[in-house]
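Structure record follows, encoded as structure tokens.
Residue numbers (my numbering): 1 to 82.
Right, here's the structure in full:
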């Protein structure tokens, strides 16, 4: 999983590759563990995928993007700036 840009301004692209079709969940949490955005839930085909996190209206701070796909979990730390 790769996030760019980071630090995040108004939006960020979250890209990842699935080697086979899988059930995917991608959620952004704040530092307290509260859900900020649900970016993806459900089955996705194998291949490259890009999700966009629209951070406009989200306060500056530290956030975490958690991607669960095919039994694997990946987490990225995001710094939201103005």
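All C-beta atoms in this analysis are idealised placements derived from N, C-alpha and C, irrespective of residue type, glycine included.
For residue 2, the beta-bridge partners assigned by DSSP are 15. Secondary structure at residue 81: coil, using DSSP grouped into helix, strand and coil.
In the structure shown, residue 20 adopts coil according to DSSP, grouped into three states. According to the DSSP secondary-structure assignment, residue 47 is paired through a beta bridge with 18. For residue 10, there is no enclosing beta strand (DSSP E), as DSSP marks it with neither H nor E.
DSSP, reduced to helix, strand and coil, places residue 34 outside both helices and strands of the structure shown, so it counts as coil. Per DSSP, the continuous beta strand (DSSP E) segment holding residue 66 begins and ends at 61–69. Beta-bridge analysis with DSSP links residue 28 to 37, 65.
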